[in-house]
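Q: Handing you this structure, nothing more for now.
In the numbering used here, the protein residues as written are 557 to 983.
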């Protein structure tokens, strides 16, 4: 790679500055699209996300802006996708980290093993399933979960009838949402290193099981990391069956593939919200849904309007970016879920730490939090961390933002969720 890069640079220099200036701008940007409808743009194949003040935002190079203009929109450049690299971290790229410090899947796996070795009285690591590539014999990964608690008899078993209540946190379901896996890493370290010295952490681990899947979509993260300091924008998993598109466009959106209310999401294989060929079609979806059903009993009735009872135990957070939001179910409908008031109340307690806006957005189907609440009754939330623009905004924030902003804002929110696991609907 370095040799070819050097040859291309020399060739461009020999062509002169005029030729350099003539090179097309292929850098990805965030484009605000006033007056646009999110679903319409998604159906047209655009990479759509929440923008500033809730407006529709599209990711792409200037050619994408030209396509939008041809359809009658007026795209406005908001920000760059790539942020300045954290000083001093640019050389630390390869097997261990990429893009100024973000850890690779191999590093996350090593971290779980290192934590388990260092804290055997507090932890247990599980392989909960395989990534798509592994199921096809194309490399891939095991999907790893860690249980953290002061272990007593019966603790950390994959059994829904657990002696202790449980808080589950998962990250990087969407591979390109880089800071989310790092937050899971910080959470694991905070609670293991704090036991016995931090009174709040000690109390939580004495009474509650904490479960973490730091990387739900490891194949996707591999694709992202393959870009090094210019990460690829892979959102979905690595399923390229029948797809004519190339990375970062192929795959299935794992947050549209869950079995509860699946359907009515993206049907184009190259679209960023492609829902898959069937509900729960992807091995990553199968893995996390089986994991949830082995952690939590079914605590809610079968009807859409059946509330989870006040005796329900368990909280789940799936960490995404971006938007500075805490979103409880439903995603599949704008109608309020039957525990909406209680979920909003806990959401506000968590938002007291990170300042995020609490509210459901009924414009997505097949989401993880709809599954965990709708099927099992767990108090469930999607966190959308970070803003839409700026050094600490977007999918690829500067690595230093994890410790300077995201972790300080969300540590208290995660602790609040863990303490609420025993009775999240009790107020």
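By construction, the Cβ of each residue, glycine as well, lies at the ideal position given by its N, Cα and C atoms.
From which residue to which residue does the alpha helix (DSSP H) around residue 744 run?
A: Looking at the DSSP string, the run of the alpha helix (DSSP H) that includes residue 744 is 734-750.
Q: What residue from 914, 606 and 677 has the CA that sits closest to residue 594's CA?
A: With distances taken between Cα atoms, residue 594 lies closest to 606.
Q: Counting only runs of 3+ residues fully inside the region 891-927, write out the beta strand (DSSP E) ranges in chain order.
A: You should have found no qualifying run.
Q: Compute the Euclidean distance between the alpha carbons of residue 733 and residue 946, then round it to the nearest angstrom.
A: Using only the alpha carbons, I get a separation of about 15 Å.
Q: Measuring straight from C-alpha to C-alpha, what distance separates residue 983 and residue 874?
A: Rounded to whole angstroms, residue 983 to residue 874 spans 22 Å at the Cα level.
Q: What is the rounded straight-line gap between the Cα of residue 619 and the Cα of residue 653?
A: Spanning the two alpha carbons is a distance of roughly 31 Å.
Q: So does the region 804-812 actually touch the region 827-839, counting three or more Cβ pairs closer than 8 Å?
A: Short answer: they touch.
Q: Check whether the region 767-779 and the region 676-690 are in contact - that is, three or more C-beta pairs closer than 8 Å.
A: With a cut-off of 8 Å, the region 676-690 and the region 767-779 count as touching, because enough Cβ pairs lie within range.
Q: Report the rounded CA-to-CA distance for residue 843 versus residue 818, giving the unit in angstroms.
A: Distance between the alpha carbons of residue 843 and residue 818 is about 17 Å.
Q: DSSP state of residue 641, grouped into three classes?
A: The answer is coil: DSSP assigns residue 641 none of H, G, I, E or B.
Q: Thinking just about the alpha-carbon of each residue, which of 722, 772, 898 and 674 is nearest to the one in residue 748?
A: Comparing Cα positions, the closest option is 674.
Q: Would you say residue 880 and residue 960 are within 8 Å of each other, going by their C-beta atoms?
A: No, the Cβ-Cβ distance between residue 880 and residue 960 is not below 8 Å.
Q: Please identify the residue among 868, 853, 920 and 928 whose C-alpha is closest to the C-alpha of residue 978.
A: Among 868, 853, 920 and 928, the Cα nearest to that of residue 978 is on 868.
Q: Mapping DSSP to helix, strand and coil, what is residue 838?
A: Three-state DSSP puts residue 838 in coil, outside helix and strand.
Q: May I ask you to report which of helix, strand or coil DSSP gives residue 881?
A: Residue 881: strand per DSSP, three-state reduction.
Q: Please tell me whether residue 887 and residue 935 are closer than 8 Å, where the distance is taken between their beta carbons.
A: Contact: no.
Q: Given a cut-off of 8 Å, decide if residue 902 and residue 976 are closer than it, judged by their beta-carbon atoms.
A: Their beta carbons are under 8 Å apart, which means residue 976 touches residue 902 by this criterion.
Q: Put residue 954 into one of helix, strand or coil per three-state DSSP.
A: Here residue 954 sits in coil by DSSP.
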